[in-house]
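Have a look at the structure below, then the notes.
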Amino acid sequence: MSASTTPGPDSRASGGPDLSGRTALVTGAAGGIGRACTLRLATAGARVRAVDLDAGGLTDVVASATGLPGPVEAHPMDLTDLEAAERAASGTDILVNNAGLQLVRPIEDFPPEVFSRVLTVMLEAPFRLVRGALPHMYAQGWGRIVNISSVHGLRASPYKSAYVAAKHGLEGLSKVAALEGAEHGVTSNCVSPGYVRTPLVERQIADQAEAHGISPERVVSEVMLADAAVKRLVEPEEVAEAVAYLCGPHTSFITGASLSMDGGWTAH
């Protein structure tokens, strides 16, 4: 994807996947990557269940989807309610595990209750969502699981013990789902971006500035983009395009993979 282009209003017209008749579920759908994925899949014709704790944000996403080929339905939900998460995934053809949270602290200062919540939302909930989605996918012989991982699913950074642990676990879960789902026509992959221009990253900049004792501008240039060859943040729409690609008809042989979108970070 070129840095100078963004998806058009109807990417199906430019060769994108036609997902008409498919039902997708996207977590963390109220903003950032989740919002972009929701609108992209609806543009491709999918009926999208938009899941998020932020009911107001979901209302905005539904309004933004007005007129798109596929409808978007708001499903306010706290993913720490694992039973509800598993039920919500029933009957889905496409599952995008995106919801996440972050806290930047040294391990000795990291609150154990926050560590537990991060692992619940970012690893245990995806497991339950996959578990809820697979029976329908297996029965029809087709399914797409896309897990929004991170460069931190492939590399570690200081002060992010919970986030790095969760993303490394998500990468492993995705590979197991790929191995088990292959004979049933179900693929499972990760999309692993570097720093994406989202509210979550904006909060990270402030946290990193405090942790390192430097300015927010230096956090971006000296910490976040230090190992990237491409010196800019990833746009949410770029991640959404990768997700749509993995849901299309020509990617049935791509499974158990992690698609890096890190500007060359992991090329070192």
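Take the position in the sequence shown, starting the count at 1, then add 5; the result is the number in my numbering. We put the beta carbon where it would ideally sit given N, CA and C, even for glycine.
What does DSSP give as the partner residue(s) for Met-345 in the beta ladder?
This structure leaves residue 345 out entirely; the chain is present only between 6 and 273.
Unbroken alpha helix (DSSP H) runs of length 4 or more, entirely within the region 174–248: which are they?
Complete alpha helix (DSSP H) runs here, min 4: 204–217.
Closer than 8 Å by C-beta to Thr-125: which residues in its own chain qualify, once you throw out the five before and the five after it? Chain order, please.
These residues qualify, in order along the chain: Leu-84, Thr-85 and Leu-87.
Indicate whether the contact test is met: 3 or more Cβ pairs, each with one atom in the region 26–35 and one in the region 96–105, closer than 8 Å.
Touching, yes, given that three or more Cβ pairs across the two stretches are closer than 8 Å.
Buried or exposed for Ala-68, going by 16 or more other Cβ atoms inside 10 Å?
Counting Cβ neighbours within 10 Å, Ala-68 comes out exposed, since fewer than 16 surround it.
Pick out the complete beta strand (DSSP E) segments inside the region 125–166, 3 residues or longer, and give them in chain order.
Counting whole runs of 3 or more residues, the region 125–166 contains the beta strand (DSSP E) stretches 148–153.
Going straight from the alpha carbon of Arg-223 to that of Ser-154, what length do you get?
Cα-Cα distance, rounded: 25 Å.
Roughly how many whole angstroms lie between the Cα atoms of Arg-133 and Thr-71?
Answer to the nearest angstrom: the Cα atoms are 30 Å apart.
Within 10 angstroms of the Cβ of Lys-172, are there 16 or more other Cβ atoms? Answer buried if so, exposed if not.
When all chains shown are included, Lys-172 counts as buried.
Can you tell me whether Ser-265 is helix, strand or coil according to DSSP?
Strand.
Check Ala-55 in the structure and name its three-state DSSP category.
Correct three-state label for Ala-55: strand.
What would DSSP say about Val-31, mapped onto helix, strand or coil?
Note: Val-31 maps to strand in three-state DSSP.
Is it buried or exposed, Ala-90, if we count other Cβ atoms within 10 angstroms and call 16 or more buried?
Classification of Ala-90: buried, given that the 10 Å Cβ count is 16 or more.
Beta-carbon separation of Ala-234 and Gly-261 under 9 Å?
Against a cut-off of 9 Å, the Cβ pair of Gly-261 and Ala-234 comes out as no contact.
Starting from Ile-99, trace the beta strand (DSSP E) both ways and give me its first and last residue.
Taken as a continuous stretch (DSSP letters only), the beta strand (DSSP E) holding Ile-99 covers 99–102.
Could you tell me if His-273 is buried or exposed, where buried requires 16 or more neighbouring beta carbons within 10 angstroms of its beta carbon?
It is exposed - the Cβ of His-273 has fewer than 16 other Cβ atoms within 10 Å.
Comparing alpha-carbon positions, which option in Val-248, Leu-238 and Leu-264 lies nearest Ser-275?
The first residue shown for the chain is 6 and the last is 273, placing residue 275 beyond what the model contains.
Relative to the C-alpha of Ala-170, which residue among Ile-112, Gly-137, Arg-40 and Glu-242 is closest?
The residue with the shortest Cα to Cα distance from Ala-170 is Ile-112.
Measuring CA to CA, which of Met-266, Ser-257 and Val-206 is closest to Lys-165?
It is Val-206.
Smallest Cα separation from Gly-39: which of Ser-257, Ala-214, Gly-253 and Thr-203?
With distances taken between Cα atoms, Gly-39 lies closest to Thr-203.
Kindly give me the distance between the Cβ atoms of Tyr-143 and Val-191, rounded to whole angstroms, as I take these residues to be in contact under 8 Å.
The Cβ separation is near 7 Å, so the contact holds.
Is it the case that the Cβ atoms of Leu-108 and Ala-167 are separated by a distance below 9 Å?
Their beta carbons are under 9 Å apart, which means Leu-108 touches Ala-167 by this criterion.
Taking its Cβ as the centre, do 16 or more other Cβ atoms sit within 10 Å of Asp-23, making it buried, or is it exposed?
Per the 10 Å Cβ criterion, exposed.
Which residues mark the beginning and the end of the alpha helix (DSSP H) in which Val-66 is found?
Its alpha helix (DSSP H) spans residues 60–69.
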